[in-house]
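Accompanying notes for the structure given below.
There are 4 protein chains.
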Amino acid sequence: MLQRKACFFLYAEKKLYLCNMKEYIHKVKYYECDRMGITHHSNYIRFMEEARVDLLDQLGYGFEKMEADGVVSPVMAVNCTYRKSTTFQDQISIEVKLVKVSTLKFSFAYVGKVGDEVVFTGESTHCLMEKGKPVVLRKRYPGLFDTEETKEPTH
Amino acid sequence: MLQRKACFFLYAEKKLYLCNMKEYIHKVKYYECDRMGITHHSNYIRFMEEARVDLLDQLGYGFEKMEADGVVSPVMAVNCTYRKSTTFQDQISIEVKLVKVSTLKFSFAYVGKVGDEVVFTGESTHCLMEKGKPVVLRKRYPGLFDTEETKEPTH
Amino acid sequence: MLQRKACFFLYAEKKLYLCNMKEYIHKVKYYECDRMGITHHSNYIRFMEEARVDLLDQLGYGFEKMEADGVVSPVMAVNCTYRKSTTFQDQISIEVKLVKVSTLKFSFAYVGKVGDEVVFTGESTHCLMEKGKPVVLRKRYPGLFDTEETKEPTH
Amino acid sequence: MLQRKACFFLYAEKKLYLCNMKEYIHKVKYYECDRMGITHHSNYIRFMEEARVDLLDQLGYGFEKMEADGVVSPVMAVNCTYRKSTTFQDQISIEVKLVKVSTLKFSFAYVGKVGDEVVFTGESTHCLMEKGKPVVLRKRYPGLFDTEETKEPTH
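Residue numbers (my numbering), protein chains in the order written: chain A, 798 to 952; chain B, 798 to 952; chain C, 798 to 952; chain D, 798 to 952.
Put into structure tokens, the structure is as follows:
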């Protein structure tokens, strides 16, 4: 289970993308549940953010460091599919992967589970803004765009 | 501008679907804004729910009536595309349309504007549950499935 | 009902303090209700903020203007007594009064009603900060500290 | 540091009251911070609930068990004093104590710290309701009302 223990890269579409080292756990709070007794669907968007923040922290480039650099990362789009309801005290473990990188945008994919059961899947798309202008990712992070065809995936 | 004044139906894919009579207005609250000074992206999912609730109220079949009938309407999927950031005190006007109905699921589409500018678009998919079982929409609401080819759109 | 129609001042402790011109209405949202089916208690603190923001807007000195002036107004303390539960779709009308002003702090009192019934009462205490330092209210807003003994209350 | 390791009782006013075995940690989320860049004040009321839930879990009588018993525990009053602002990623450790028990009501006191610094203090008052009626605590939990004068505090 290397995926759980060390930061690794996902080999996909001839590129290597990062996944989270260890999954993020969100324990559902009382105030996150609604009149139906289940976790309100809007909160999953927040759990996805928590997991994303945790991934960046694990990589050593957290939101705080980013903000200190004058870079903000607005969310451009988000989607979530609810597969099974969760409720108060459920421990949702969330895996995050960077799944797409283009010139100006990048996307994370999320899978949330309670035990072995998938409870939600989602995706979020972001850009980076610096002084009000979008950061050209290919220039700033050329490593993400290296031709990776010849590299072996690390898992 | 009949669309703003009366409940009407959208003629699409040979079916008539309902739209909201008047758009729903959400005025952004201080506590809905984040460290970037903009409305936190998760809140738009809540605004969509508010607009949906308002549409159902306008139609005279609100959440409360539904719950009193023993019917709940879980969200199955949601997506949102953020086109322009909004902030504290912005008045977002949201239009909702029922855009898809299948045997077990239905979807609403949302367009949110500040003034004339589109700030977000979104979609949510739902089912109806009664005593733990999904409601077969074709049986319960046959009107939604009538062959509408011969009807004239109402606008 | 001057109180409902025009900004007025409350004559108390030999000082005149302002009240809101018209009460603020918060309609309880679905996502604000919890597993007990009632408005989650934490949300009332947000409703109090909404009502306070509305009061300042009515007075023409809103949060935005304050922030543009480089002034922020942190909350120093808050309390709320829940007298009757509220739920989804309830319309809570909230009256706000400035009830105390001292050298560095000021307090608002809130009464929230559904119909004629009081559902909560609360109080919040604030200071003003400018460039990291507390604003001395007596210097900045001497009008609030004028000897008011001889003035007639306006209602 | 027995207080950190085992459930213990606070000897006060000739009664023994329980405190949490180990403090509860809340790590501040991005979406919990506001335009001032600090944790929005309303969220502390939620952190207090989280800590209270955690205490009851540690005691083996959690919300879920309570709800399964048909007992709900509405909040009757809450207050919070903000001593120092906190922000994104701060780890707030919260100690909870049961500080008052009367015939129908009981109160918890909270102290939240970041490192050694107190960032907030608060209190919440509750009752228990069963089938719409308040539970008489002295009858249901006589142990809490035992004369404790002769007992030695356990720490």
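Even for Gly, the Cβ is constructed at its ideal location relative to N, Cα and C.
{"Check": "Less than 7 Å between C-beta atoms, sequence neighbours within five positions excluded: which residues of the same chain meet that for Met798 (chain A)?", "Outcome": "Low local confidence applies: a pLDDT of 28 at Met798 (chain A) is under 50, so the model's placement there is unreliable, and no value is given."}
{"Check": "Is it true that the segment 869 to 889 of chain B meets the segment 914 to 930 of chain B, where meeting means three or more beta-carbon pairs spaced less than 8 Å apart?", "Outcome": "yes"}
{"Check": "Decide yes or no for the touch test of the segment 885 to 894 of chain C against the segment 858 to 865 of chain C: beta carbon pairs closer than 8 Å, at least 3 of them.", "Outcome": "no"}
{"Check": "In three-state terms, what does DSSP make of Pro871 (chain C)?", "Outcome": "coil"}
{"Check": "Helix or strand or just coil, what does DSSP make of Glu892 (chain C)?", "Outcome": "strand"}
{"Check": "List, in order along the chain, the chain E residues whose C-beta lies closer than 8 Å to that of Gly834 (chain A)?", "Outcome": "No chain E appears in this structure, whose protein chains are A, B, C and D."}
{"Check": "Are any of the Cβ atoms in chain C nearer than 9 Å to that of Ile889 (chain A)?", "Outcome": "no"}
{"Check": "Can you check which of these residues, C:Ala865, C:Arg849, C:Lys930, C:Phe917, is closest to Leu901 (chain C) by C-alpha distance?", "Outcome": "C:Lys930"}
{"Check": "Between which two residues does the alpha helix (DSSP H) containing Tyr841 (chain A) stretch?", "Outcome": "839 to 855"}
{"Check": "Could you please give me the residues that DSSP links to Lys824 (chain A) through a beta bridge?", "Outcome": "A:Gln888"}
{"Check": "For Ser899 (chain A) versus Leu934 (chain A), is the C-beta distance shorter than 9 Å?", "Outcome": "yes"}
{"Check": "What are the residues in the segment 897 to 931 of chain C lying within 9 Å of chain B by C-beta distance?", "Outcome": "none"}
{"Check": "Do you know how far the Cα of Ser839 (chain C) is from the Cα of Tyr879 (chain C)?", "Outcome": "11 Å"}
{"Check": "Would a check of beta-carbon distances place Gly867 (chain A) closer than 9 Å to chain D?", "Outcome": "no"}
{"Check": "At the 9 Å Cβ level, is Ser870 (chain C) part of the contact set with chain A, yes or no?", "Outcome": "no"}
{"Check": "Hey, is Lys881 (chain C)'s beta-carbon within less than 9 Å of any beta-carbon in chain B?", "Outcome": "no"}
{"Check": "To the nearest angstrom, report how far apart Thr833 (chain B) and Glu892 (chain C) are at their CA atoms.", "Outcome": "Note on identity: in this sequence residue 833 (chain B) is Met, with Thr being the wrong assignment. Answer to the nearest angstrom: the Cα atoms are 31 Å apart."}
{"Check": "Of all the residues that make up the segment 840 to 869 of chain B, which are near chain D by a beta-carbon distance shorter than 7 Å?", "Outcome": "none"}
{"Check": "Is Tyr827 (chain C) near Glu847 (chain B), with beta carbons less than 9 Å apart?", "Outcome": "yes"}
{"Check": "Here's the rule: buried if 16 or more other CB atoms are within 10 angstroms of the residue's CB, otherwise exposed. What is Glu829 (chain B)?", "Outcome": "buried"}
{"Check": "From Val908 (chain A) to Val915 (chain C), what distance separates their C-alpha atoms?", "Outcome": "45 Å"}
{"Check": "Within 10 Å of its beta-carbon, does Tyr849 (chain D) have 16 or more other beta-carbons around it, so buried, or fewer, so exposed?", "Outcome": "Sequence check: residue 849 (chain D) is Arg here, not Tyr. Result: buried."}
{"Check": "Give the DSSP-derived three-state secondary structure of Val911 (chain B) in the structure shown.", "Outcome": "strand"}
{"Check": "Measure from the alpha carbon of Met845 (chain C) to the alpha carbon of each residue in C:Glu864, C:Asp831, C:Lys824, then state which is nearest.", "Outcome": "C:Lys824"}
{"Check": "How many Å lie between Lys881 (chain C) and His837 (chain C) at the Cα?", "Outcome": "12 Å"}
{"Check": "Using CA coordinates, which residue listed in A:Lys897, A:Phe917, A:Val932, A:Asp913 is at the minimum distance from Asn876 (chain A)?", "Outcome": "A:Phe917"}
{"Check": "What residue range does the alpha helix (DSSP H) around Met863 (chain C) cover?", "Outcome": "860 to 865"}
{"Check": "Quick one, which of C:Lys928, C:Ile842, C:Arg843, C:Asp851 has its alpha-carbon nearest Glu864 (chain C)'s?", "Outcome": "C:Lys928"}
{"Check": "For Lys936 (chain A), is the classification buried or exposed, using 16 other Cβ atoms within 10 angstroms of its Cβ as the cut-off for buried?", "Outcome": "exposed"}
{"Check": "Go to Lys881 (chain D), then tell me how far its alpha helix (DSSP H) extends in each direction, as first and last residue.", "Outcome": "Here Lys881 (chain D) belongs to no alpha helix (DSSP H), and DSSP marks it neither H nor E."}
{"Check": "Would you give the residue range spanned by the alpha helix (DSSP H) that Arg937 (chain B) belongs to?", "Outcome": "934 to 937"}
{"Check": "Spatial neighbours of Val932 (chain B) within its chain, please: CB distance less than 6 Å, with the 5 preceding and 5 following residues excluded, ordered by chain position.", "Outcome": "Leu925"}
{"Check": "Where DSSP assigns a beta bridge to Cys830 (chain B), which residues make up the other side?", "Outcome": "B:Thr836"}
{"Check": "Buried or exposed for Tyr938 (chain A), going by 16 or more other Cβ atoms inside 10 Å?", "Outcome": "exposed"}
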